[in-house]
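> Protein sequences, first through last, are from chains A, B and C. Residue 179 in the UniProt record's numbering sits at position 179 of the first sequence; the count goes up by one each step and never skips. Residue 221 in the UniProt record's numbering sits at position 221 of the second sequence; the count goes up by one each step and never skips. Residue 24 in the UniProt record's numbering sits at position 24 of the third sequence; the count goes up by one each step and never skips. Even for Gly, the Cβ is constructed at its ideal location relative to N, Cα and C. Got a structure for you, questions after.
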Amino acid sequence: MDFLRPTDWAGALAAKAAHPDAVPIAGGTDVMVELTFDRRRPDRLLDLSGIPELRRWETGERTVRLGAAVPYRAVLDHLAGPLPALALAARTVGSPQIRNRGSVGGNLGAASPAGDSHPALLAAGAEVEAASVRGTRRIPIDAFYTGVKRNALAPDELIRAIHIDRATGPQQFAKVGTRNAMVIAVCAFALALHPHTGTVRTGIGSAAPTPVRAPDAEDYLTGALAGAGLWEDPRPLPEAVRRRFAELAATACRPIDDVRGTARYRVHAVGVLARRTLDRTWDAYTKGLTPCA
Amino acid sequence: MTIGPGALSQRSDRDTTGGIGESTQRPDGHLKVTGEFAYSSDLWHDDMLWGHTLRSPHPHAAIRRVDLTAALALPGVHAVLTHHDLPAATHYGLEFTDQPVLAQDVVRYQGEPVALVAADHPETARRAAALIAVDYDERPLVHDESSATAPGAPVLHPGRTDHHAAHVPHPNIVHRQPIRHGDVAAARARAEVVVRGEYEVGMQDQAFLGPESGLAVPAADGGVDLYVATQWLHVDQRQLAPVLGLPAEKVRLTLSGVGGAFGAREDLSMQAHACLLALRTGRPVKMVYDREQSFFGHVHRHPAKLAYEHGALRDGTLLYVTCRIVLDGGAYASSSPAVVGNAASLGLGPYEVPHADIEALALYTNNPPCGAMRGFGAVQACFAYESQMDKLAAELGLDPVELRRRNAMRQGTVMPTGQPVDSPAPVAELLARVAARPLPPERPWADPAGPTAAPDLRELPGGLSNTSHGEGIVRGVGYAVGIKNVGFSEGFDDYSTARVRLEVVGGEPVAVVHTAAAEVGQGGVTVQAQIARTELGVTHVTLLPADTTVGSAGSTSASRQTYMTGGAVKHACEAVREAVLARARARFGTAAALEAGKVVAADGEVLATLAEVLGEEPVEIEREFRHRPTEPFHPRTGQGRGHVQYSFCAHRAVVEVDTDLGLVKVVELAAAQDVGKALNPRAVAGQIHGGSAQGLGLAVLEEIVVGPDGRVRNPSFTDYLIPTILDVPGMPLDILELADDHAPYGLRGAGEAPTLSATPAIVAAIRQATGLPLRRVPVRPEHLTGTA
Amino acid sequence: MRVTCTVNGRRQVADHVWEGESLLYVLRERLGLPGAKNACEQGECGSCTIRLDGDLVCACLVAAGQAEGADIRTVEGLAAEDGTLHPVQRAFLDTGAVQCGFCTPGLLMATDELLERVPDPSDADIREALAGNLCRCTGYEAIMDAVRLAAARRAGTGERA
């Protein structure tokens, strides 16, 4: 096995171009487990931890550009204002030790349907900045997840950063695990209200082969809010709207039975989480609580 | 640099003083907090090789062919062994010799060892193992009672010759123990209320943190020195010597640092394998299981199916109980027979039950082998009989604590085995203690007017996952009490050995204590030193490493080690004291006691210092200690004085359940336990806390999930979830000290009882919160939301 | 490959390191520092917790090559040069928070880091900070006592992070 350790981004891209089979490693929270338990024996590891820019973030007017290897700890400590759902998700990742190493870029690279950051990215709206020696492109988050643990990256591409829309309204993330800490999601749900566009977005984790949105639920709620003029004149949501949104969110699931939970439970729990996150975000909106910049 | 076996003798007593009854510090504590304590996975030898085990991927298969060519050709590989390479005995086992050292023509569970590799690096060993080509022919498997005993079912161990073979109704039943007590038919006719229930307990894992590991060093005399983490050095030695084809004295074991045990180190794991590789290669061999290997490499708690019927009068008086307990022993016997004996004889719980029909049995199946885990046999039964007591209380409209109190066993109660309980049995008192505690305050989210303050997620079900801010939360309270036997039962010759020397070092008297008792974390070493100080009036105690150069201490299990090895140390110290006093009497004409390093007369006059009396001539004495003899249970009636001592613990659990999502937060888990005499109160509290937490794990988290295909779904700490510090609540304790006059210092074994009642108390609390019947542990979110 | 790093203030060199090795393996098997423990090797137990350039991490999840040039602290570096125990070590002994001790090194490192950041943690803070460190023996009660005691002693002595 070779251990490639570029010290700048150009070097990383060159290494990936020369060795498309090289497995990128940053925090190591996924890759090292696969190595230790003999599930993977790549010919090369491409270590990205020596590239400082990957651990930096910039908060712009509309988006946050999050370096691919920024650890969850930094998201939690510094970005809860512009990225509330992602910060809530970051707090649920593994343990403090994992949060110091794991990153959104790593979650995207692994593309596990159980990755904690995916629902928050889907709900907030994001683009993945993918780069290779051929150039740089931005992949909308909705087009990024292509299958179970598969993503839209080309073999010679690396994730450089994630551009996440700054919150303009309340956001929530909630995840179900059977333990009260350090647990992989049985399922997860994120909801973001986007008052400036009069829309809502959702994200569901661990309840389909890939992270997914719940488009019917989004359309329904967007319509219900607009139809009743609730954005302009926020009032408590009718029970029927809350219930219908939860039902439609649950129908977006395509879960399986596995050791972490049954498919039936996942569908049920996503409905519960959808309702609770809606109640919390809408309550915050009606109280005029918007995220601070 | 070398972290050799030499590190093992660094036991220090620099932080430790105090006799029995004091919360003295651990003699190994300093090494443990500095990282210097040598656990079995820390051992290192200059020219050592790494051993690795190739395991079967199939739960039941014939092995048609094994091709080692490619593995042997890999550079860095020093040996590859299969059963063809075994020099002598091919099987081992704690009770039956039924388990192959390496599989021969058949594998009977997923994970069964098939071949061994020794190589110069763990990765080389793994690569070599992957290159071993094994041609399997999968066979139909048996995975439960009906498949194991169906007509034409494959018999997993044909031609059994073990001591239970003659009386079992089917060869796939390891052991079956009926108990007939009184006249159930007549009692049933008188019963005014009858409740029936069927219960299930999942397969729990001990999940100790320190993986199976050790270092085998071939010796010049043709023997082998094994440094290993185990619970019982001499039973390992007894099983290893025939396998290695060596006399016992050439198989020398030394206890290495043990990272927890809880029953999982009672059977052999890597011991024989490391020794075989070391003897074959002539090089020291280190083996360290990774967590996945560990899940496949040790036995688990028996999963169980239990059917109970309780009959009572309207006032709650129990008339009779019938029960049938089916334990899944998996592919090999391990300690299944003893587990059956416990489940049967303790199957009624700590209650007066005048009439009972009990049947417990363990199966052979193609599931992972099951054996010892903290509270064995009694844990499974306790979940069922306590669930039944709650069901009966509900049926009668009685308070569940009151129903238990009315039926509580006491000193003098006759067990269903006919054995009277001849020491304190404060069952009602323990329940009263936990019930009398003030309940933890209601939380802000319980206010129907809405939460008064922002909730702290960390106090809610779901914890950091942000699932509930108070939505769906309902509180419940539950109670349970249990009974566990202490020490080895059913006629086993249970003893421990201690060698104690009193000598002068640097002008100070020092007691040197040598036993083979395995210190697995419980604090046996602390207690042994305390006993020596108390009995010999000295400050300085040196504990020699546990090894096989001294007689057996028996196992660190069955809550027995303070009783047994503590008893042995006490007896040896008493003999040493007598010898010293005799020497003093010869000199001074009188001498009555050893106190604070002095020899004193009956009137308290100091005759001399202990150092003066000892001079250059140390006193060394070895003693064996036995508890009162027990007898086997009759194979058909179950009658017999089978147990030595009982241990009792009661719990009250307060839980909050997110009833929409089925998530549980245990808010408080209070316990009350009688320990006879707390030799080290802090260590006793640690046992109760730790045992309670493991019971919590079984209640809501922990299960090795085995599919109907015999394959384990979750052999990792990612999916086998043990409680974190956010899952375990505050655990207030009441510790009673009612002496058992038969035991050293009146003490009562304490380690296991708390593991029993924690589980049913928590489940009772969840039932109260949800109104659901909940017949199975661990309780999963699916069970609470109707989505299983 | 060769890996050079600083461990507990000392420069260390490990040779012939296999590229797939973890930093945990290098510390334990090549540098003679077995204090960080190998309980799960999948980041799920915290027994291998160390400080890597100040960050609290699981050494089992750090590839050996990623430690090149890094500043590492392990449990072996907690006590003073003269052997005086660190206050957190002392507190764990004084409260009976050590049983088998396999989780102890990781918990000591995590507690030390917590008290650096939060000198007076609430019980909930302690539980959140230590949620990545499994203990199978103690039920965590004595560990809670140990952290509270260490915090109180730090406050009493005016020690600052």
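Compare the C-beta of residue 103/C against all C-beta atoms of chain B and say whether one is closer than 8 Å.
For the purposes of this step, residue 103/C is identified with residue 103 of the third sequence, where counting begins at 1. Taking Cβ atoms only, chain B reaches closer than 8 Å to residue 103/C, which makes this a yes.
> In angstroms with no decimal places, state the Cα-to-Cα distance between residue 779/B and residue 769/B.
For this step, residue 779/B is matched to residue 779 along the second sequence. For this step, residue 769/B is matched to residue 769 along the second sequence. Roughly 13 Å separates the two Cα atoms.
> Could you tell me which residues DSSP pairs with residue 65/A in its beta bridges?
Residue 65/A sits at position 65 when you count from the first residue of the first sequence. Bridge partners of residue 65/A: 58/A, 163/A.
> Which residue's Cα is closest to the Cα of residue 366/B: 328/B, 300/B, 383/B?
Here residue 366/B refers to the residue found at position 366 when the second sequence is read from its first residue. Here the closest residue by C-alpha is 328/B.
> On the premise that residue 2/A lies in contact with residue 44/A, defined as a C-beta separation below 8 Å, what is that separation, rounded to the nearest angstrom?
On the first sequence, position 44 is the one that residue 44/A refers to. On the first sequence, position 2 is the one that residue 2/A refers to. At roughly 4 Å, the Cβ-Cβ gap stays under 8 Å, so residue 44/A and residue 2/A are in contact.
> Could you tell me which residues DSSP pairs with residue 653/B in its beta bridges?
Reading the second sequence from its first residue, position 653 is the one you call residue 653/B. Residue 653/B pairs with 478/B, 669/B.
> Tell me, please, whether the segment 56-67 of chain C touches the segment 118-126 of chain C by the rule of three or more beta-carbon pairs shorter than 8 Å.
no
> CA-CA distance, residue 737/B and residue 676/B?
Here residue 737/B refers to the residue found at position 737 of the second sequence. Here residue 676/B refers to the residue found at position 676 of the second sequence. Their Cα atoms are separated by approximately 4 Å.
> With distances taken from CA atoms, which of 625/B, 514/B, 72/B is nearest residue 495/B?
Indexing the second sequence from 1 puts residue 495/B at position 495. Considering only alpha carbons, the answer is 625/B.
> Does the Cβ of residue 439/B have 16 or more other Cβ atoms within 10 Å, making it buried, or fewer, making it exposed?
For the purposes of this step, residue 439/B is taken as residue 439 along the second sequence, with counting starting at 1. Residue 439/B is exposed by the Cβ-count criterion.
> If we cut at 8 Å on Cβ distances, does residue 14/C have a partner in chain A?
Along the third sequence, one-based indexing puts residue 14/C at 14. Chain A, which has no Cβ nearer than 8 Å to the Cβ of residue 14/C, makes this no.
> Name the residues in the segment 163-185 of chain A whose C-beta lies less than 9 Å from a C-beta of chain B; which are they?
172, 173, 174, 175, 176, 177, 178, 179, 180, 181, 182, 183, 184, 185
> Are there three or more Cβ pairs, one per stretch, closer than 8 Å when the segment 645-658 of chain B is compared with the segment 496-510 of chain B?
no
> Report the neighbours of residue 56/C on chain A: residues whose CB is nearer than 7 Å to its CB, in chain order.
The residue you call residue 56/C lines up with position 56 of the third sequence. Residues of chain A passing the Cβ test: 96, 97, 100.
> Using DSSP with H/G/I as helix, E/B as strand and the rest coil, what is residue 282/A?
Within the first sequence, numbered from 1, the residue matching residue 282/A stands at position 282. Helix, per DSSP.
> Anything in the segment 640-662 of chain B with a Cβ closer than 7 Å to a Cβ of chain C? List those residues in chain order, please.
none
> List the residues that DSSP assigns as beta-bridge partners of residue 81/B.
On the second sequence, residue 81/B is found 81 positions in, with the first residue counted as 1. For residue 81/B, DSSP records a beta bridge to 116/B.
> Which residue from 684/B, 777/B, 763/B, 666/B puts its Cα closest to that of residue 180/A?
Position 180 of the first sequence holds residue 180/A. Checking every option, the nearest Cα to that of residue 180/A belongs to 666/B.
> Could you please give the first and the last residue of the uninterrupted beta strand (DSSP E) stretch that includes residue 109/C?
As a working note, residue 109/C is residue 109 in the third sequence. Unbroken run through residue 109/C is the alpha helix (DSSP H), 104-117; no beta strand (DSSP E).
> Whose CA, out of 746/B, 750/B, 698/B, 785/B, lies closest to the CA of residue 776/B?
Walking along the second sequence from the start, residue 776/B turns up at place 776. Comparing alpha-carbon positions, the option among 746/B, 750/B, 698/B, 785/B lying closest to residue 776/B turns out to be 698/B.
> Going by C-alpha distance, which of 218/B, 372/B, 166/B is nearest residue 203/B?
For the purposes of this step, residue 203/B is taken as the residue at position 203 of the second sequence. Residue 372/B is the option with its Cα nearest to residue 203/B.
> Look at the alpha carbon of residue 99/B and the alpha carbon of residue 691/B, and state the distance between them as a whole number of angstroms.
Taking the first residue of the second sequence as position 1, residue 99/B is located at position 99. Taking the first residue of the second sequence as position 1, residue 691/B is located at position 691. Cα to Cα, the separation comes out at about 30 Å.
> Closest Cβ-Cβ distance between residue 1/C and chain A: below 8 Å?
Taking the first residue of the third sequence as position 1, residue 1/C is located at position 1. Yes, contact with chain A.
> DSSP on residue 763/B, reduced to helix/strand/coil?
Locating residue 763/B in the second sequence gives position 763, counting from the first residue. Helix, per DSSP.
> Name, in chain order, the residues that DSSP records as bridge partners for residue 179/B.
Walking along the second sequence from the start, residue 179/B turns up at place 179. Bridge partners of residue 179/B: 358/B.
> Around the Cβ of residue 5/A, are there at least 16 other Cβ atoms within 10 angstroms (buried) or fewer (exposed)?
As a working note, residue 5/A is residue 5 in the first sequence. Residue 5/A comes out buried.
> Do you know offhand how far residue 10/B's Cα is from residue 83/C's?
Sequence index remark: in the second sequence, residue 10/B carries index 10 (1-based). Sequence index remark: in the third sequence, residue 83/C carries index 83 (1-based). Residue placement at residue 10/B is poorly supported in this model, since its pLDDT is 41, which falls under 50; the coordinates are not used for a value here.
> In chain order, what residues of the same chain have a beta carbon less than 7 Å from the beta carbon of residue 183/A, not counting five sequence neighbours either side?
Residue numbering aside, residue 183/A sits at position 183 when the first sequence is read from its first letter. Result list for residue 183/A: 177, in chain order.
> Determine which residues of the segment 209-239 of chain B have a Cβ less than 7 Å from any Cβ of chain A, and write them out in chain order.
none
> Apart from the five residues just before and just after residue 58/C, which ones in its own chain have a Cβ nearer than 7 Å to its Cβ?
Position 58 of the third sequence, counted from the first residue, corresponds to residue 58/C. Within the same chain, residue 58/C has close Cβ partners 43, 46, 48, 49.
> Could you check the C-alpha separation between residue 292/A and residue 30/B for me, to the nearest Å?
Counted from its first residue, the first sequence places residue 292/A at position 292. Counted from its first residue, the second sequence places residue 30/B at position 30. Bear in mind that a pLDDT of 46 at residue 292/A, under 50, signals an unreliable position, so the number given afterwards is only what the model happens to contain. Rounded to the nearest angstrom, the two C-alpha atoms are 49 Å apart.
> Does any residue of chain A have a CB that is nearer than 8 Å to the CB of residue 100/C?
Reading the third sequence from its first residue, position 100 is the one you call residue 100/C. No, no contact with chain A.
> What are the boundary residues of the alpha helix (DSSP H) that residue 134/A is part of?
In the first sequence, residue 134/A corresponds to position 134, counting from 1. Neither: residue 134/A is in no alpha helix (DSSP H) and is coded neither H nor E.
> Indicate whether at least one CB of chain E lies closer than 8 Å to the CB of residue 88/C.
The chain inventory of the structure shown lacks chain E, comprising the protein chains A, B and C.
> In chain order, what are the residue ranges of uninterrupted alpha helix (DSSP H) at least 4 long that sit wholly in the segment 392-426 of chain B?
You should have 400-407.
> Determine the burial state of residue 606/B: buried for a count of at least 16 other Cβ atoms within 10 Å of its Cβ, exposed for fewer.
Stepping through the second sequence from its first residue, residue 606/B is reached at position 606. Flag for residue 606/B reads exposed.
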